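For the record, the sequence lines run as chains A and B.
Here numbering that gives the first Met the number 0 is used: the first residue of the first sequence is 0, the next is one more, and so on.
Here numbering that gives the first Met the number 0 is used: the first residue of the second sequence is 0, the next is one more, and so on.
From the three backbone atoms N, C-alpha and C, an ideal C-beta is built for every residue, glycine too.
Predicted model, so just to flag it, every value in this text is computed and none were measured.
Number of protein chains: 2
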Amino acid sequence: MGEKKTSIKSIGEFDLIAKYFMPLANDCDGAFSLLDDGAVLDIPEDESIVVTTDCLVEGVHFLHSISPEHVATRALGANLSDLAAMGATPRWIFLSLQLPESKNEQWVSGFAKSLGKMMGRFGVSLAGGDTVSTVGAMGVTITAIGSIKKGSALRRSGAKPGDEIWVSGTLGDADLGLGFLKKNHLNADLSDTESINHLINRHLCPEPRVALGKSLCENAISTACIDISDGLLADLGHICAVSNVSATINMCDVPLSLAAKKLFAGNIDNAQMSALGGGDDYELLFCSGPENSSKIAALGKSIPLSKIGVISEKSLDNTPAVKVVGQDGRLIEVNHHGWEHLK
Amino acid sequence: MGEKKTSIKSIGEFDLIAKYFMPLANDCDGAFSLLDDGAVLDIPEDESIVVTTDCLVEGVHFLHSISPEHVATRALGANLSDLAAMGATPRWIFLSLQLPESKNEQWVSGFAKSLGKMMGRFGVSLAGGDTVSTVGAMGVTITAIGSIKKGSALRRSGAKPGDEIWVSGTLGDADLGLGFLKKNHLNADLSDTESINHLINRHLCPEPRVALGKSLCENAISTACIDISDGLLADLGHICAVSNVSATINMCDVPLSLAAKKLFAGNIDNAQMSALGGGDDYELLFCSGPENSSKIAALGKSIPLSKIGVISEKSLDNTPAVKVVGQDGRLIEVNHHGWEHLK
Chain A
0 MGEKKTSIKS
10 IGEFDLIAKY
20 FMPLANDCDG
30 AFSLLDDGAV
40 LDIPEDESIV
50 VTTDCLVEGV
60 HFLHSISPEH
70 VATRALGANL
80 SDLAAMGATP
90 RWIFLSLQLP
100 ESKNEQWVSG
110 FAKSLGKMMG
120 RFGVSLAGGD
130 TVSTVGAMGV
140 TITAIGSIKK
150 GSALRRSGAK
160 PGDEIWVSGT
170 LGDADLGLGF
180 LKKNHLNADL
190 SDTESINHLI
200 NRHLCPEPRV
210 ALGKSLCENA
220 ISTACIDISD
230 GLLADLGHIC
240 AVSNVSATIN
250 MCDVPLSLAA
260 KKLFAGNIDN
270 AQMSALGGGD
280 DYELLFCSGP
290 ENSSKIAALG
300 KSIPLSKIGV
310 ISEKSLDNTP
320 AVKVVGQDGR
330 LIEVNHHGWE
340 HLK
Chain B
0 MGEKKTSIKS
10 IGEFDLIAKY
20 FMPLANDCDG
30 AFSLLDDGAV
40 LDIPEDESIV
50 VTTDCLVEGV
60 HFLHSISPEH
70 VATRALGANL
80 SDLAAMGATP
90 RWIFLSLQLP
100 ESKNEQWVSG
110 FAKSLGKMMG
120 RFGVSLAGGD
130 TVSTVGAMGV
140 TITAIGSIKK
150 GSALRRSGAK
160 PGDEIWVSGT
170 LGDADLGLGF
180 LKKNHLNADL
190 SDTESINHLI
200 NRHLCPEPRV
210 ALGKSLCENA
220 ISTACIDISD
230 GLLADLGHIC
240 AVSNVSATIN
250 MCDVPLSLAA
260 KKLFAGNIDN
270 AQMSALGGGD
280 DYELLFCSGP
290 ENSSKIAALG
300 KSIPLSKIGV
310 ISEKSLDNTP
320 AVKVVGQDGR
330 LIEVNHHGWE
340 HLK
C-alpha cells in the first residue's frame, strides 16, 4: 500500500496510550487521564455496581483476518452484552491489550477509533487499562462496569415452571456469518451478497441489547435472563441448571433472519442448526410468566421479540434439560455436529 | 515424576472453574458462585470504588520457568500494589486467564491455590473472570476493585516543592532476584544462598503495601503516592510529570536490603543500580511536607520507611526531572545501562 507502518516498540507504551487511549478517557474525571495507579469511580447511592470480564484471543475467538475495527466491536460487544443480560447501565471499561510485534501503530489506531465510536454510542468511558507486548497471540481483555438499582439485577436463577421463554432479534446469524468468512457455506446462494454481508456483519459488529435489558429490569418482567453467547441451547441450559428447571423449545418459533432464510432456502436445516447451537449472537434470552404478555407485547413494538418455548419442572430422568420439538410436536435430537429428527 | 497430567481440554472450562475458582468466590454473595453473567457488588455509601488492571504475559513479564504458584503471587501482587498506592482497601478481583496447551490441570490447581491463599491474607474475593485457551503465550489479566472514603484517594499529582520523598522497605531486591534467576550475577558471592533466596523471593512473591497505603490515606500525610513497579527513577518521574515538579534523590539514602549489601559488598554499584532502575519492588513512594515527620516516624515503627530526597520547583532547563546526587553532593548520571559519576 506504500503506507509507512510504525512499530509498537518505536512509539512506546506511554506515547501509544497518550495518543490513542487517553482521548477515550476524557469524559471520565475519575480516570485521571489514565495517568494514575487506578481509577476512582462513584455511582448513585441507591445503585450497585455490576462487573463482567471477557477475554478474546486472536485465532481462538476471532479469525486472524479480521480488522482491528472489528476486534474492538467484538470485544466490547461481548462485554456490554453481559451487562445487558443483568439489566445494568454500562458506565466504564478497563482494557487490557496484549500486542504481538505483528500489530503496528496503525492497527492500534484503527482499534481505538472503532472502540471509541462504539463506546460513545453506549455512553461508556475508558477508565483504565494496561497495554503490553506479547510473544504470543494478540489478546483483548475488557472488564466492563455498569450500575443498577440495588436488588433489581436480572439473574439466571429465577426461571419457574410455566414461564414462557423469549428471545430478542434473530438467532444463528453470527454463526452463519462466521461460516461465510471461513468459506464454509458453498451450498448457499453466493450471489446474494447483501444477505451474506448482513450475516457477516452480525458476527463482526454484535449489537448488545442494553436497552432491552434495562427495560426488562425496570418493568420487572423477567424471572431469568442471559445473553446468547455460547448458543441458544447452551445458554438456556445454563438457566435451567441454576434455576433447577427444564425447558422445551419449539423449533419453528426460533426466529431466523430474512437473510438466513433467503440464503438457506434449500437447506433451512443449516440455518436452524446455527440458531440452536451457534454462539455470538448476543441476543437476550429471558423467561417471563404468561401474565406479562401484554407488557412484552408493548416492548416488542420497539425491539423484535419471539416466544420460543416454555419452562417446565426439572425432569427426573436423564434427558437433557433443554428439549427441542418440531412443528409436529416430535422431539428433535440435537448433537454437537448438527441435529436430526428422532424416529 | 510419574504423576498423571490432565490436559485443560479434557477437563473443560466449566468444570475447571467449578473445581478451582468457585471456591475462591464462596465468600462473596454478589459473585453468584461465578454462575451468572456478571457480579453485583455494593460498597458503603460514603465510599468510592477504586479500580486497576494489570496484565502479565509469560516470557515478557515473567520467566517461563516460574511456577504457577508464583505466577499467581506476582499477578495479584502487582494489582493490589496499585490499590495500595491509592490508599484503597482491596475487595474483589476479576481474573482473565489465557491458557496454552502446555498448561495442564495441575498447573491451574497450583495457580488457584496460591492465588486463594494470598487473596485470603488480603481479604479479597474472586468475583468473576474468564478462562480461555490461547494459541500463544500464557497471560493473566487481573482487574482489582477496592474502595475508599470519597475524596480521600492518594494521587500522583499533588507533590509540592519542599515535600520530602519517602519510600517503604528496600529497593532493587526484586531486580537482583530476577538477575539470579537469569544467572546474571556471577560476580556476587554465590555461596550465600540465604541472601540469594531472599532476593529471589522478593521477585516471586511481592508484598503489596496495602496497610501503609491505608495509613497514609487515613492520616492525610501524603501529597502524592505511587507504587514502585517500573523502578524508582521512572516512577518518581511519573509523579514529577503529573505534579509538575522536579526531584532530587540522595543515593546514599536509597535503602538497600541486608541481603543485597552482603551479596554485592564488592560491587555495591550493582545493587544501587537495581535500586534506582529495577522494577517490581512494589514498595510505595510518597511525598510529604516536612511538618509530617513525627507522624511518619510513628508509621515507621511498624513499616520501614526511608527519606530519600526532596521535591523542588520544576527545572526550566532540559535536565531530567529526577536527579540523583552522591554523598559528596555531586550529580550522578544514570542511564539505561547503568550510571556513572559526572566529573
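Original post:
So which of B:T140, B:K181, B:L177, B:S242 has the shortest CA-CA distance to H197 of chain B?
Top reply: Within the second sequence, the letter at position 198 stands for residue 197 of chain B. Nearest C-alpha to H197 of chain B: B:L177.
Original post:
What do you reckon, are the CB atoms on R73 of chain B and P205 of chain B nearer than 8 Å?
Top reply: Indexing the second sequence from 1 puts residue 73 of chain B at position 74. Indexing the second sequence from 1 puts residue 205 of chain B at position 206. Yes, they are a contact pair.
**OP:** Might you give, ordered along the chain, the residues of its own chain that have their beta carbon closer than 8 Å to the beta carbon of E282 of chain B, omitting 5 neighbours on each side?
**Re:** Start at 1 with the first residue of the second sequence, and residue 282 of chain B comes out as number 283. Same-chain partners within the cutoff: V166, S167, G168, T169, L170, R208, D226, I227.
Original post:
Using a C-beta cutoff of 8 Å, does K149 of chain B count as contacting chain A?
Top reply: Translated into the one-based positions of the second sequence, residue 149 of chain B becomes position 150. For K149 of chain B, the answer is yes, since a Cβ of chain A falls inside 8 Å of its Cβ.
**OP:** Anything in chain A within Cβ reach of G128 of chain B, meaning under 9 Å, just list it in chain order.
**Re:** By one-based count along the second sequence, residue 128 of chain B stands at place 129. Correct list: T52, C54.
Original post:
Are there 16 or more other CB atoms within 10 angstroms of the CB of H63 of chain A, so buried, or fewer, so exposed?
Top reply: As a first step, residue 63 of chain A must be located in the first sequence, where it is residue number 64. Answer is exposed; the Cβ neighbour count stays below 16.
Original post:
So, does the CB of W338 of chain A fall closer than 8 Å to a CB anywhere in chain B?
Top reply: Here residue 338 of chain A refers to the residue found at position 339 of the first sequence. Low per-residue confidence applies at W338 of chain A: pLDDT is 38, beneath 50, and the placement is therefore not dependable, though the value from the model is reported in the following sentence. No, its Cβ sits nowhere closer than 8 Å to a Cβ of chain B.
Subject >> Test: M348 of chain A CB closer than 8 Å to a CB of chain B >> reply: Only positions 0 to 342 of chain A appear in this structure, which leaves residue 348 of chain A out of reach.
Original post:
Taking Cβ positions, are A38 of chain B and G127 of chain B nearer each other than 8 Å?
Top reply: Translated into positions along the second sequence, residue 38 of chain B becomes position 39. Translated into positions along the second sequence, residue 127 of chain B becomes position 128. Contact: yes.
Subject >> T169 of chain B, enclosing alpha helix (DSSP H) - first and last residue >> reply: As a position in the second sequence, residue 169 of chain B is number 170, starting the count at 1. Per DSSP, T169 of chain B belongs to no alpha helix (DSSP H) and is neither H nor E.
Subject >> Nearest-angstrom Cα separation, counted from R154 of chain B out to E217 of chain B >> reply: Here residue 217 of chain B corresponds to residue number 218 of the second sequence, with the count starting at 1. Here residue 154 of chain B corresponds to residue number 155 of the second sequence, with the count starting at 1. Between E217 of chain B and R154 of chain B, the C-alpha separation is close to 14 Å.
**OP:** Output yes or no for whether 8 Å exceeds the beta carbon distance between I307 of chain A and V241 of chain A.
**Re:** The sequence position of residue 307 of chain A within the first sequence is 308, counting from 1. The sequence position of residue 241 of chain A within the first sequence is 242, counting from 1. Contact: no.
Original post:
Would G135 of chain B be called buried (16 or more neighbouring beta carbons within 10 Å of its own) or exposed?
Top reply: As a working note, residue 135 of chain B is residue 136 in the second sequence. G135 of chain B should be labelled buried.
**OP:** Answer with yes or no whether the minimum CB distance from M352 of chain B to chain A is below 8 Å.
**Re:** There is no way to answer for residue 352 of chain B, as the model of chain B reaches only from 0 to 342.
Subject >> Presumed contact (8 Å Cβ cut-off) between V56 of chain B and V107 of chain A, rounded CB distance >> reply: What you label residue 56 of chain B is simply residue 57 of the second sequence in a count that begins at 1. What you label residue 107 of chain A is simply residue 108 of the first sequence in a count that begins at 1. About 17 Å separates the two Cβ atoms, so there is no contact after all.
Original post:
Short check: CB of G157 of chain B to CB of A223 of chain B, under 8 Å?
Top reply: To locate residue 157 of chain B, count along the second sequence from 1; it is residue 158. To locate residue 223 of chain B, count along the second sequence from 1; it is residue 224. Contact flag set, yes.
**OP:** Answer yes or no: does any C-beta atom of chain B fall closer than 8 Å to that of F93 of chain A?
**Re:** Here residue 93 of chain A refers to the residue found at position 94 of the first sequence. Interface residue, yes.
**OP:** Please report how far the alpha carbon of I295 of chain A lies from the alpha carbon of L284 of chain A, in whole angstroms.
**Re:** Position 296 of the first sequence holds residue 295 of chain A. Position 285 of the first sequence holds residue 284 of chain A. So the alpha carbons of these two residues sit roughly 13 Å apart.
**OP:** Measure the C-alpha to C-alpha separation of H184 of chain A and S113 of chain B and round it to an integer number of angstroms.
**Re:** Here the question's residue 184 of chain A lines up with position 185 in the first sequence. Here the question's residue 113 of chain B lines up with position 114 in the second sequence. The straight-line gap from Cα to Cα measures roughly 47 Å.
Subject >> Bridge-paired residues (DSSP) for K148 of chain B >> reply: Here residue 148 of chain B corresponds to residue number 149 of the second sequence, with the count starting at 1. Answer is B:E46, bridged to K148 of chain B.
Original post:
If you measure from the CB of K4 of chain B, is any heavy atom of the ligand GTP nearer than 7 Å?
Top reply: The model depicted lacks the ligand GTP and carries no ligand whatsoever.
Original post:
Based on Cα-Cα distance, which residue from A:I164, A:I65, A:D53 lies nearest to T140 of chain A?
Top reply: Within the first sequence, numbered from 1, the residue matching residue 140 of chain A stands at position 141. Cα-wise, what sits closest to T140 of chain A is A:D53.
Original post:
Could one say the Cβ of R73 of chain A lies closer than 8 Å to chain B's Cβ atoms, at least one of them?
Top reply: Counting from 1 along the first sequence, the entry for residue 73 of chain A is found at position 74. Taking Cβ atoms only, chain B never reaches closer than 8 Å to R73 of chain A, which makes this a no.
**OP:** Could you work out which residues of chain B lie near R154 of chain A, taking near to mean beta carbons separated by less than 8 Å?
**Re:** Mapped onto the first sequence, residue 154 of chain A falls at position 155. Ordered by position in chain B, the residues that pass the 8 Å Cβ test against R154 of chain A are F31, D35.
Original post:
Comparing the C-beta of L341 of chain B with each C-beta of chain A, is any distance below 8 Å?
Top reply: Taking the first residue of the second sequence as 1, we reach residue 341 of chain B at position 342. With a pLDDT of only 32 at L341 of chain B, under the threshold of 50, the placement of this residue in the model should not be trusted; the figure read from the coordinates follows. No - not a single Cβ of chain A is within 8 Å of the one on L341 of chain B.
Original post:
Is DSSP giving L177 of chain B helix, strand or coil here?
Top reply: Residue 177 of chain B sits at position 178 when you count from the first residue of the second sequence. In the structure shown, L177 of chain B sits in a helix (DSSP, three-state: H, G or I).
Subject >> T192 of chain A beta carbon less than 8 Å from that of N103 of chain A >> reply: As a working note, residue 103 of chain A is residue 104 in the first sequence. As a working note, residue 192 of chain A is residue 193 in the first sequence. Going by C-beta atoms, N103 of chain A is not nearer than 8 Å to T192 of chain A.
Original post:
If we cut at 8 Å on Cβ distances, does T222 of chain B have a partner in chain A?
Top reply: Numbered from 1 along the second sequence, position 223 holds the residue referred to as residue 222 of chain B. It does not; no Cβ of chain A falls within 8 Å.
Original post:
Where are the alpha helix (DSSP H) runs, 4 residues long or more, that stay fully inside the segment 65 to 98 of chain A, in chain order?
Top reply: 67 to 85
Original post:
By DSSP, does G328 of chain B sit in helix, in strand, or in coil?
Top reply: Counted from its first residue, the second sequence places residue 328 of chain B at position 329. DSSP places G328 of chain B in coil when its eight states are reduced to three.
Subject >> Residues bridged to F285 of chain A (per DSSP) >> reply: Taking the first residue of the first sequence as 1, we reach residue 285 of chain A at position 286. F285 of chain A pairs with A:W165, A:C224.
Original post:
Is the Cβ of G11 of chain B closer than 8 Å to any Cβ of chain A?
Top reply: One-based indexing of the second sequence puts residue 11 of chain B at position 12. Cβ-Cβ to chain A under 8 Å: no for G11 of chain B.
**OP:** Kindly list, in the order they appear in chain A, the residues whose Cβ is closer than 7 Å to that of I48 of chain B.
**Re:** To locate residue 48 of chain B, count along the second sequence from 1; it is residue 49. Chain A residues near I48 of chain B: L40, I48.
Original post:
Based on Cα-Cα distance, which residue from B:G86, B:M117, B:S305 lies nearest to S221 of chain B?
Top reply: Numbered from 1 along the second sequence, position 222 holds the residue referred to as residue 221 of chain B. The shortest C-alpha separation from S221 of chain B is found at B:G86.
Subject >> Beta carbon proximity, T142 of chain B to chain A, threshold 8 Å >> reply: The sequence position of residue 142 of chain B within the second sequence is 143, counting from 1. So, interface residue.
Original post:
How many Å lie between M272 of chain B and F31 of chain A at the Cα?
Top reply: Locating residue 272 of chain B in the second sequence gives position 273, counting from the first residue. Locating residue 31 of chain A in the first sequence gives position 32, counting from the first residue. Approximately 31 Å between the Cα atoms of the pair.
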